[in-house]
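Have a look at the structure below before the remarks.
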Amino acid sequence: MASAIFFLDLKGKTLLARNYRGDIPMSAVEKFPILLSDAEEESSAVPPCFSHEGINYLYIRHSNLYILALTKKNTNATEILLFLHKVVEVFTEYFKVLEEESIRDNFVIIYELLDEMMDFGYPQTTESKILQEYITQESHKLEVQARPPIAVTNAVSWRSEGIRYRKNEVFLDVVESLNLLVSASGNVLRSEILGAIKMKCYLSGMPELRLGLNDKVMFETTGRATRGKAVEMEDVKFHQCVRLSRFENDRTISFIPPDGEFELMSYRLNTQVKPLIWVECLVESHSGSRMEYMLKAKAQFKRRSTANNVEILVPVPEDADSPRFRTNIGTVHYAPEKSAIIWKIKQFGGGKEFLMRAELGLPSVKGDDEHGGGMTGGFGGSMGGTGGGKAKRPINVKFEIPYFTTSGIQVRYLKITEPKLQYPSLPWVRYITQSGDIAVLLNWTYVPGLMPLTHPLRWRAHPSPTPGSPSNLRCSIGRFRVGRPGFVLSFRSQLRVLRTSATSFPSRHKNSARSLIPFNSVNASRLPHPSLITTTTISTPLHLMATQTRSHGGHGGHHHHHHHHGGNVYLTSTNKNDAGVRITRIGLVANLAMAIGKFIGGYVFHSQALIADAYHALTDLVSDILTLGTVAWSLKPPSERFPNGYGKIESIGALGVSGLLLCGGVFMGLNSGQVLLDQFYPQAAEAISHLGHGHSHSHGIDIHGPSIHAAWLAAGSIVVKEWLYHATMKVANERKSSVLASNAIHHRIDSLTSIVALFTIGGTYLFKDASWLDPVGGLLISLMVIKAGWGNTCSSLLELADTAVDDEIKESVQKAASKALAKLQDNNAIKIRDVQGMKSGQNYLMDIELAVPGTWPINRSREIEEIVRTAIGAGVRGVKRVKVRFIPLEHEELNFSEEFIPAEVASQANPEPEDGDTDCEAHGHGHGHDVHEHDARKRR
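Residue numbering for the sequence shown follows UniProt numbering, beginning at 1 and increasing consecutively.
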């Protein structure tokens, strides 16, 4: 029971008042602003009701209004507060927006509504649909009724009789809001699901509805088995139309719905839920003058779902200016009024990861102590840590996922019956998950000078995959492709060292690894202590890993070189203005044109050497295509089926390339040998030809050797290849790029093979009876190709056989681990016993065995493991995985062979499970709905 209702602005000025009982002076409202201000000063959490001088004040705040109720009676406070919320709901239904201006413009209707909703302080009719029948906003003549509408005094006061629709439909929305609080270590501190079932009812007459959910309590009460996941709802609140007695008996939701839109029920689930969109952030300060943010967002829901209107709010210093952003999806803008960066993504697919980079300037008058220190003082009061005295603001995430519920709640059935009219009806069901209050508390890591970027916002335009150079760091961070399996960058909230991928030259010699590493170019003295470093496994982008090893035999077998098409890095680039991209693509087009020209010229001018050289160029092109195809698969992250990754697929691709080289080399050698036999042993050649075909063809022009025009083609190839060599090497020297340098050397080798063809073709023209020189040149080139194919075949087979890595790699791993352990205080208690490893495509998978005292706790061993893993990743190229095995220091006889099961034990293994040991496979039933399924009509 309330004595009076007041509408106040934020300053406490009365806009409108209705006194129902007259037992409270109207001047009592003047004390409300003072009492509220005093309560706010005493405590940050002000209660919604308090008493003063025998008067009870109960209020709610909506927009820029206070709705206040005063009473002297010891009334039910919850009832009055609920009535105030109902007033807001009804007024919003009438005026769309309830604010100070709408109160002034509609005071006549408001007085009418207040008189109907409360009588002498007692709540009466609060259903907006019923009130709209006789309190309207349009001006028309109202017929005087002797009595109020039947619905007001009827048992079903929320629905009028005589409602008719041509098409009877019910729209049911299951809307869930997810509230999450995630700690800096990635643990979920608080998770809560707030759900509501909202309906739009367009049914004729007085229909009876029954709603069935996958309610766990209902299944337990009735004893029925569940077909899928059952949900245990808490704090269930129903609309007044639901028959509560029946729900308490058999958990059946039965009701006569109001007409139009209403909320049928709400519920809460206090369960552990992982973040649907996980956000990680790394911050770098540059001498207090600017700050760089690296942000990764990952969707942790199923791929068949899509989050819409994703908005990630990242807090920044209040005095930040000159914002610049880089992302290839969505839009990013700086909101100074919120002191935050807002990253908006219209559609975020399940299982996808996206990156965003931002740079903000800081006032130069502030020093490092203000802007540094782990992001404490530099954020002033906005995000400040110890300096500002305030807690760091978290990252907030907003999104909406249609056709998906976090709790797994489902509408099992919706039955509609109308005993009088008995019409058919169409129920529609939709599921929506929305973000509620999602806050991610991260370690805003201060990493001074970790990423020396000369032009931080042009890092994608100037890539250089050379490990160890600043340009490579820029390339490794910036060049990534959305939607591909594997990403450039991955970091956790505790991360102090930015991890990325780099490329190196794979061979069987020193520095032969290429894989996932932390920034190996960063000076170790600039990094934090290893005990502060934590790591996480990351994957590698396609364009950084698109390399394929090939080795070619030298001329006459006197030299041997390794090369790989690191230029594939630039073939996959979309930046056409980059010099490395431009020269690589020019080389690709030139190789294709020369291969076609040499084939045609060799056939027309009868030159075996030119045909062999053309085949050599063609195998390079085919190898590039196979390389791109196999590397795309090899870069997928490890899975349950492939726990060591997909690196072996690249070895299979290398085996295919080497097979092409072998077959082509043999084919070219046979052709050249056939020509030599025709010239020196024609009878033997004719006999061999008859064995193969039963007849032979004689080409008299072959006896005189190739045409001199073939020499012009070979000379042109030399000129083009030498130009490509010098142009590519120039760019490589400017970029300090080993990949481009390797590509330039490849052009030089191709030029040398063309020189062999030129000499042999020219010799046949200059010297008398020297037509045999041309097939000899073809034979030499074929031997070079065969040698290259054989070397690559052996390397690929050894990789597929999981042979051990070279001793040099083991020594590098042991050296990196020793340096890291030497910095520890108890380093004398740790001994490196053994180092093993194997090569998986591009990556090294290493195992290291450490002997530690048997009394060490597990936590200490875990710290040592992280330190060793990080040091090896930063010091040795190509190491993707490091397993650390701890053994007691006292047992010197233990080694890696102890991990294998002895033969006598394995032979006794029982393949059949014993009684009681069988495992039941759990099936999770997730139900996703696409747009077409949602729009389809679902009859229950």
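Backbone N, C-alpha and C define an ideal beta-carbon position, used for all residues, glycine too.
Since this is a predicted model, take the numbers as computed values, not measurements.
- Around the beta-carbon of VAL188, fewer than 16 other beta-carbon atoms lie within 10 Å, marking it exposed.
- Separation of ALA307 and VAL813 (C-alpha to C-alpha, rounded to the nearest whole angstrom) is 43 Å.
- DSSP places HIS286 in the strand class (E or B) of the three-state scheme.
- A check of alpha carbon separations from TYR844 across GLU866, LYS880 and VAL852 identifies LYS880 as the nearest.
- Nearest Cα to GLY260 within the set GLY408, TYR165 and SER796: TYR165.
- Comparing alpha carbon positions, the residue from LYS338, ILE24, ALA617 and ARG251 closest to LEU211 is ARG251.
- Here GLY875 carries a helix assignment [DSSP, helix/strand/coil].
- For the pair ASN671 and ILE611, the Cα-to-Cα distance works out to about 10 Å.
- DSSP, read as helix, strand or coil, puts PHE642 in coil.
- In the three-state reduction of the DSSP assignment, GLY260 falls in the strand class.
- Membership of GLU161 in any beta strand (DSSP E) is not indicated, and neither H nor E is assigned to it by DSSP.
- For LEU81, the closest C-alpha among the options ARG21, MET1, ILE109 and TYR94 is that of MET1.
- Residue environment analysis places HIS52 among the exposed positions, since fewer than 16 neighbouring C-beta atoms fall within 10 angstroms of its C-beta.
- Between the alpha carbons of ASP235 and SER183 lies a gap of roughly 26 Å.
- In the structure shown, the three-state DSSP call for ALA2 is coil.
- Taken through DSSP and simplified to helix, strand or coil, MET356 comes out as strand.
- The beta carbons of GLY602 and ALA617 sit no closer together than 8 Å.
- Ranked by how close their Cα comes to the Cα of SER751, the residues VAL88, TYR725, LYS839 and GLU192 have TYR725 in first place.
- Checking the DSSP bridge columns, you'll see MET294 partnered with LEU282 and ARG357.
- Separation of GLN434 and ARG61 (C-alpha to C-alpha, rounded to the nearest whole angstrom) is 24 Å.
- Nearest in C-alpha terms to ASP215, of all of TRP428, ILE786, PHE599 and MET233, is MET233.
- Judged by DSSP in its simplified three-state form, ARG885 adopts strand.
- Judged by beta-carbon spacing, GLU161 lies beyond the 8 Å limit of TYR202, meaning their Cβ atoms are not closer than that value.
- Judged by DSSP in its simplified three-state form, ASP319 adopts coil rather than helix or strand.
- In this structure, VAL411 places its C-beta atom within 8 Å of the C-beta atom of VAL429.
- Closest in alpha carbon position to ALA829, among LEU850, GLN836 and GLU811, is LEU850.
- DSSP places LEU172 inside the beta strand (DSSP E), whose first and last residues are 169-182.
- Around the beta-carbon of HIS333, fewer than 16 other beta-carbon atoms lie within 10 Å, marking it exposed.
- Assigned with DSSP and collapsed to three states, VAL97 falls in coil, not helix or strand.
- Distances from the alpha-carbon of ARG357 to those of ASN396, TYR293, TRP723 and PRO317 put TYR293 closest.
- Put simply, the backbone Cα of ALA340 is about 5 Å away from that of VAL314.
- Separation of ALA39 and LYS11 (C-alpha to C-alpha, rounded to the nearest whole angstrom) is 15 Å.
- Under the three-state reduction of DSSP, GLY601 is assigned to helix.
- Going by DSSP, PHE247 is part of the alpha helix (DSSP H) stretching over 244-250.
- Taken atom to atom, the span from the alpha-carbon of ASP173 to that of VAL852 is near 59 Å.
- Of all alpha-carbon atoms in ILE872, LYS839 and LEU783, the one lying nearest the alpha-carbon of ALA820 is that of ILE872.
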